[in-house]
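Here is the structure we will look at.
In this note's numbering, the protein residues as written are 9 to 534.
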């Protein structure tokens, strides 16, 4: 959380907590297990499942403008829209109802699209429905205008010092930062008084690095306070030396990867053009504040005037007002083609297979290996993360990466390609020293195995001195296929033995009950 006082920062942190809990975001990266995948509902009681036939997208999902936006070339199939968390492809496509603010129409949007494209952007909590919505819409403005300013290298007008002094707490916080040796550049990011956005850039004269913070709210004062407190959200003063110097490589600054870094932790590159003395806009001491409903109307009117639609789902099942706001074309974090090229449900397709590898024969294991190779997923990603598991730190699953899993598959299938993947493990260095010793030994044993002129017996004593006799014995067992998937367990979708994941699902079960009770009350009240 962030705020100008202790209580304000705690309130902010609680708001962040409840928005993530209300929107299921704490569980977004995880498999929810068979109980919830097959239950009355997986995500929310008002979700709607659409049955699929022959991979065709069923009627009734999204509206025409959303299809035009997310699938302009009409490439999406049903398999792109199955949700990651349930992995229940037979059940169909899981959607949740969002209200289109322009006309109050209820639109069913796939959970998959929300998770892949918008991630956490637009989630909010507040004391009232409109307070939560204003906060969520402000976040949408903040990130959209920030992205445009950074990508285009727009130079912003400096806020006059006498204006900053009108807000004593904010001025005091800025002076505190300056007293630690940092330079601050406080700027109006409204782009001529149009958008409710402010910017504060911290410059570290020790190494020349820069860090741009942005904040938004219909109130000039609130937006500026948020921008200043954002500088230190999640970090201490002594952690402000991890940023980068400005650059003249504007193409690099504008890349989606750099903009993504700014979304994650603001550590991306910033153009020198952002710091030009000549501002691209005049300073405006703007203020669009009013009642929370008036502020909400201001935000929605402005977004609609920009040609975007707003879709909102409100939540009150935790007795806190929360909402999730989607503004396609404005609040997206990832490009829409990720639905085709980097869809998170790819991991769900491999989930049951990974958890049942001991059930497959040699030919099937090589088919799994070939499927992984063809899919082209990053070899460095953790296998458990890929399929959505929370792992226990003392188990091999905790560190297992896709590249290492490919080594296991080749070893179990007796494929000589295992040497290349053991090499990959040694070169990436993502395992601890004991494992490195094991894989160095295994590589030597494999090279002996696939050399017609060498025998294990000739090298066993020397290898025992280098790596330990037990390591040599184990390596031979693995190379000869007598030991498969060394140390890994395969409980299938029951996830038996995954204690941390079981604890995660216990937490989700509490949330599930709260949803059931809340929606049951709503039905009885109506």
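Just so it is clear, CB atoms sit at the ideal spot from N, CA and C, and this is done for glycine as well.
Item	Value
Three or more C-beta pairs below 8 Å linking the region 194-206 and the region 161-181	yes
Endpoints, the alpha helix (DSSP H) within which residue 300 is located	300-313
Contacts around residue 57, its chain only, beta-carbon distance under 8 Å, and the 5 residues preceding and following it disregarded	99, 100, 101, 102 and 103
Option nearest residue 168 by Cα separation, candidates 235, 83 and 290	290
Inter-stretch contact (C-beta, 8 Å, three-pair minimum) for the region 21-41 and the region 512-527	yes
Residue 18 versus residue 11 - alpha carbon distance	8 Å
Opening and closing residue of the beta strand (DSSP E) in which residue 330 lies	329-334
Cβ pair residue 123, residue 36 closer than 9 Å	yes
4-residue-minimum alpha helix (DSSP H) runs that sit fully inside the region 188-246, ordered along the chain	228-238
Rounded Cβ spacing between residue 110 and residue 312 (contact assumed at less than 8 Å)	6 Å
Top-ranked residue by Cα proximity to residue 50, from 511, 180, 70 and 120	120
C-beta contact flag for residue 21 and residue 329 at 9 Å	no
Identity of the residue in 238, 115 and 325 nearest residue 526 by Cα	325
Continuous alpha helix (DSSP H) stretch holding residue 158: start and end	137-160
Pair within 9 Å by beta-carbon distance, residue 108 and residue 319	yes
Residue(s) in a DSSP beta bridge with residue 117	104
Own chain residues within Cβ distance below 7 Å of residue 88, not counting five before or after	347, 348 and 351
Stretch-stretch touch, CB-based, cutoff 8 Å, three pairs: the region 144-159 with the region 173-180	no
Nearest-angstrom Cα separation, counted from residue 13 out to residue 6	Because residue 6 is not part of the residues shown, which for the chain are 9 to 534, the question remains open.
Burial state of residue 355 (16 or more Cβ within 10 Å)	buried
Three-state secondary structure (DSSP) of residue 370	helix
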